[in-house]
Structure formats: structure tokens, C-alpha cells
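Numbering of the sequence shown is given in the numbering used here, commencing with residue 1 and proceeding in unit increments.
Virtual Cβ for every residue (Gly too), placed ideally from N, Cα, C.
This report refers to the structure that appears directly beneath it.
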Amino acid sequence: MTADYAFRISGRVPPALTAALEPLKTVETGADTLLVGPVTDRAALHGYIAHLEALGLELVELRRLPAGDDGGHGCPCCGRAGAGGPAAIGAMARSRS
């Protein structure tokens, strides 16, 4: 049961940490950073949260992205279909900008 999630991190994620966050893709918003990517199960979700904390990043929001047909437009971050599409990512990016 893989689902796409968006993790909102307070502030900017330093470029040196982006490789440590793969397979999550980075999307910078006004003042925060979104990390978007697939989460395979509950254990993986908790693992991501623990990893963010271990890196000293402040998680301020976690959202499961809606699944479904996005008209053939994949996630603007990773290109995966069913990732909530550009509208879902864009709305989340704007919600705290």
C-alpha cells in the first residue's frame, strides 16, 4: 500500500541534506520546504519522521496526498502518476506561503 506524502519542513533544507532525504523530492515554498514522495507503509512513515528529527529538521505538517487519476500529469517533483497532481502540490505549497 504505497501512498504519496508531503512533509512540510520549517525553513529551507540545506542542499547538503537533500541527498540524505532521497527518495523524497524537495519543493521550496515561500518560507518552508516540502519533501514529497512515496511511503510504503506505517513503519516507513515513522522512519521518515525519525530521520527528519535525527537531521535536526522541524516537521511542521504531514499530509497524505490524494490518490487517483490526475489526468496524466504526474507529480511535479518526481513525475509519478497519482501523486495528487500539480493542483494538490501547488495548493499545499500555497497554503503556508
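- Boundaries of the alpha helix (DSSP H) harbouring Arg42: 42-54, taken from the DSSP string.
- Within its own chain, the residues whose Cβ lies closer than 7 Å to the Cβ of Arg12, once the five positions on either side in sequence are excluded, are Glu28, Thr33, listed in chain order.
- In the three-state reduction of the DSSP assignment, Thr18 falls in the helix class.
- Per DSSP, Glu58 is not a residue of any beta strand (DSSP E), being assigned neither H nor E.
- Leaving aside the five residues that flank Met1 on each side, the residues in its chain whose CB is nearer than 8 Å to its CB run, in chain order, Thr40, Asp41.
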